[in-house]
Amino acid sequence: MFRGLGGLRGSRDFGGHPTVGGDPSTWGGGNGPVKGTSDFGGVWGGSWGWGSPETRGGGVLGDLGVSGGPRTLGAPPPPVWESNSFAVGMFLGRLNTEQVFPYPSALSEEQEQTLQELVGPVTRFFEEVNNPARNDELERMEDATMQGLKELGAFGLQVPPEMGGLGLSNTQYARLVDIVGQHDLGVGITLGAHQSIGFKGLLLYGTPAQKKKYLPRLATGETVAAFCLTEPGSGSDAASIRTRAQPSPCGTFYTLDGSKIWISNGGLAEIFTVFAKTPLRDEGTGETKEKITAFIVERSFGGVTHGAPEKKMGIRASNTAEVHFEGVRVPAENVLGVPGGGFKVAMNILNNGRFGMAAAMAGTMRGILAKAVEHATNRTQFGDKIHNFGAIQEKLARMALLQYVTESMAYMISANMDQGATDFQIEAAISKIFGSESGVERVLRDLRVFRIFEGTNDILRLFVALNGFQTLGVQLRGLQKALKSPLGNVGVLAGEVTRRLRRKAGLGSGLSLQDHVHPDLQESTLQCLELFAETADALLLKHGKNIVDEQFVLKRVADSAIDIYAMVVVLSRASRSLAMEQPTAQHERLLCDTWCQEVRGAGGVLGALGG
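So, in structure tokens, the structure goes:
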């Protein structure tokens, strides 16, 4: 399987920075989105709300009779006919190439220069000042590290300059998260829980007055933030939270009561983004229903306490604690977003930050790979350097391959976000799953929790598959309507029917990558995409509304979607390197070829599912 990769040995092949392809964030401009790492207990702390009246039975799957699927997280995506998401297109049997070909760039010359001015100092800080082993031993950051991060502006990377922050784009942020991930994931969690999710809601939903009041002190690190969603009885089911906020009769404040667990920065934070149930009157029916509302809560309000720091296997330098709210009076002006809109706020915070975990994991993999290569280059056994042995070469090649794929995903999604993409939820979830599962002693302990952060990977797999089926459901519903009035929808029906008949006859549905991918790789890539779309169609028709309960099937559909999206991402990146005649182009082509071979080999799983 790794034929052709045997020459990957020693620092000659893996030297340079940051990986085989150079720094992807600065290729002709840069790439992507990111908004940090995650929170241990706010992480996503639940988020599907399955079984809850707030989230079940709605959306297009419900319209099709496929009820029970989660509604699209955050703001509704564009109508399926207009979506530019490549992952959405996979389920529909369409090639949405706009966001993947050519490999995107998102940095202006000025932004690129700013990034380069930051990369050096941040790298030196983590190499010369921060001591990850000492942080791990102390189970907290050393004071010199905390102060140094404040001086670097690391607590306000994406806060606008007028509010005291650096105002970085998603791509710039991703590159710095990459550096942190390479050196110390515990420190990364402290920073990520603060700005990726802790005060991210302020950036996305805050009023001008709220931003002016809180962002300046959050940007300097004077005040630390935390994200409070997860509760003892509410993990992946966010809609089942029991924390309540009762509005006062005068309407000027809410009384907040409840507890949150596994909260990163819980013992350090002075500002909390808290999610609680609030009673709201339905204007249509007159009934009072409980809806989730998001609040900005200050420790100084009184009634906010925290438990002892949790003793954790990994990321021990970060603070994780229970946070309790007892009779906390929260001013009405501290509602984040609108009353009853807290679920949307939580989901958008997490969706906007999830890809940053892939950037952090890409950095972690790069650091481990460099150490592995150094060891293999210097270690002698049986009279030879061990990097000359095929078994070792295979291990190094696989490490390089997984790092390359993860990094390519992170910077592609970040570039898409910087360029204004709004429908990237599936891609972001894919990057988080892939990066956190592709992976010394301390690093191994630190890595384990990333399969839980910002949504457990098991839940995110269901998210990937069900959101894809939801968009497919929209398409099928549109066809059903068109069939009821065929004379007025001749164009829609002709194109769709022709495409499906061609696919059924084994002729392909007319997809083409001619202008984007090397001829040698086009046919197999299109075969994977055709098979995936055909399988998705068959599964939705077979299971109907019960697809939401077919977790065995959904997991395998998600795994296939992850592999195919990864394949297209590396095809795009390697094609760009070849076109630009970069020094690493042929090496990248080897990595790309190998990944494509692996994905093609997994096609039998799809065939079996659709059979």
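Quick note on the UniProt record's numbering: the sequence shown kicks off at 1 and runs consecutively.
Don't be surprised by glycine CBs; every beta carbon is placed ideally from N, CA and C.
Distance between residue j and residue i (C-alpha atoms, nearest Å)
i: Ala360; j: His183; result: 10 Å
i: Ile261; j: Phe125; result: 32 Å
i: Leu444; j: Thr364; result: 10 Å
i: His543; j: Leu256; result: 43 Å
i: residue 662; j: Val338; result: Because the chain spans 1 through 611 in this model, residue 662 falls outside it and cannot be assessed.
i: Gly165; j: Leu350; result: 21 Å
i: Cys596; j: Tyr404; result: 13 Å
i: Ser259; j: Leu401; result: 43 Å
i: Leu460; j: Ser248; result: 38 Å
i: Leu202; j: Gly340; result: 17 Å
i: Gly495; j: Asp418; result: Low confidence applies here, because Gly495 scores a pLDDT of 49, under 50, leaving its location unreliable; read the following figure in that light. Whole-angstrom Cα-Cα distance: 33 Å.
i: Gly231; j: Gln246; result: According to the sequence displayed, residue 231 carries Glu and not Gly. When rounded, the distance between both Cα atoms is 18 Å.
i: Ala193; j: Gly266; result: 10 Å
i: Glu290; j: Ala239; result: 10 Å
i: residue 639; j: Ile368; result: What is shown of the chain runs 1 to 611, which leaves residue 639 out entirely.
i: Asn319; j: Gly148; result: 18 Å
i: Asp446; j: Ala397; result: 23 Å
i: Val599; j: Phe101; result: 19 Å
i: Ile392; j: Met580; result: 31 Å
i: Gln172; j: Glu162; result: 18 Å
i: Ala308; j: Gly233; result: 20 Å
i: Val122; j: Arg379; result: 31 Å
i: Gly390; j: Arg448; result: 29 Å
Given residue i as reference, the closest of the options once Cα atoms are compared
i: Leu591; options: Val449, Gln514 and Met399; result: Met399
i: Ile564; options: Gly188, Glu550 and Gly601; result: Gly601
i: residue 617; options: Lys555, Gly156, Phe469 and Gln597; result: The displayed coordinates of the chain run from 1 to 611. Any statement about residue 617 would go beyond what the structure contains.
i: Leu280; options: Val274, Tyr254 and Phe272; result: Tyr254
i: Ser85; options: Ile386, Gly286, Glu287 and Thr422; result: Thr422
i: Val180; options: Val464, Gly356, Asp537 and Thr320; result: Gly356
i: Glu322; options: Leu229, Gln586 and Ser108; result: Leu229
i: Leu554; options: Thr535, Val569, Leu268 and Val568; result: Thr535
i: Ile315; options: Leu138, Gly455, Asp549 and Ala585; result: Leu138
i: Gly473; options: Phe450, Ala415, Ile547 and Leu447; result: Ile547
i: Thr594; options: Met580, Gln582, Ala566 and Ala579; result: Ala566
i: Gly153; options: Asp143, Gly167 and Pro519; result: Gly167
Where residue i falls, given that 16 or more other Cβ within 10 Å makes a residue buried
i: Gln514; result: exposed
i: Met313; result: exposed
i: Lys277; result: buried
i: Asp384; result: exposed
i: Thr252; result: exposed
i: Ser577; result: buried
i: Phe552; result: exposed
i: Met409; result: buried
i: Pro104; result: buried
i: residue 612; result: What the structure shows of the chain is the stretch from 1 to 611, and residue 612 is not part of that stretch, so it cannot be assessed.
i: Arg556; result: buried
i: Val573; result: In the sequence on display, residue 573 carries Arg and not Val. Buried.
i: Arg242; result: exposed
i: Cys250; result: exposed
i: Arg140; result: buried
i: residue 622; result: Not covered by the structure: residue 622. The range shown for the chain is 1 to 611.
i: Leu215; result: buried
i: Ser108; result: exposed
i: Gln113; result: exposed
i: Asp143; result: exposed
i: Ala538; result: exposed
8 Å contact criterion, which residue i and residue j should meet: CB distance rounded
i: Val297; j: Val335; result: The Cβ separation is near 11 Å, so there is no contact.
i: residue 615; j: Tyr205; result: Past the edges of the chain, shown from 1 to 611, lies residue 615, and the structure says nothing about it.
i: residue 612; j: Ala561; result: With the chain running from 1 to 611 in the structure shown, residue 612 is simply not present.
i: Gly353; j: Ala294; result: That belief does not hold up - the Cβ atoms of Gly353 and Ala294 are roughly 15 Å apart, past 8 Å.
i: Ile413; j: Ala428; result: 6 Å
i: Asn467; j: Ile426; result: 5 Å
i: residue 614; j: Phe227; result: Because the chain in this structure spans residues 1 to 611, residue 614 falls outside the shown range and cannot be described.
i: Asn416; j: Gln111; result: Going by Cβ atoms, the distance from Asn416 to Gln111 rounds to 16 Å, so no, they are not a contact pair.
i: Phe275; j: Val304; result: Going by Cβ atoms, the distance from Phe275 to Val304 rounds to 15 Å, so no, they are not a contact pair.
Cut-off 7 Å between Cβ atoms - residues of its own chain near residue i, not counting five sequence neighbours on either side
i: Val517; result: Thr525, Leu571 and Ser575
i: Asn130; result: Thr145, His183, Asp184 and Val187
i: Thr220; result: Lys150, Phe155, Gly156 and Gly164
i: Leu268; result: Val224 and Asn319
Sequence-distant residues of its chain with Cβ nearer than 8 Å to residue i (five each side left out)
i: Thr406; result: Ala358, Met361, Ala362, Met365, Ser431, Phe434, Gly435 and Ser438
i: Gln195; result: Lys35, Gly36, Phe155, Gly156, Leu157, Gln158, Val159, Leu218 and Ala225
i: Asn96; result: Ser83, Asn84, Ser85, Phe86, Val88 and Gly89
i: Ser300; result: Glu270
i: Asp136; result: Gly186, Arg316, Ala317 and Arg442
i: Leu529; result: Met90, Gly93, Leu95, Leu511 and Ile564
Cβ-based neighbour list, residue i, same chain, cut-off 6 Å, excluding 5 preceding and 5 following
i: Thr223; result: Arg217, Glu270 and Ile271
i: Val119; result: none
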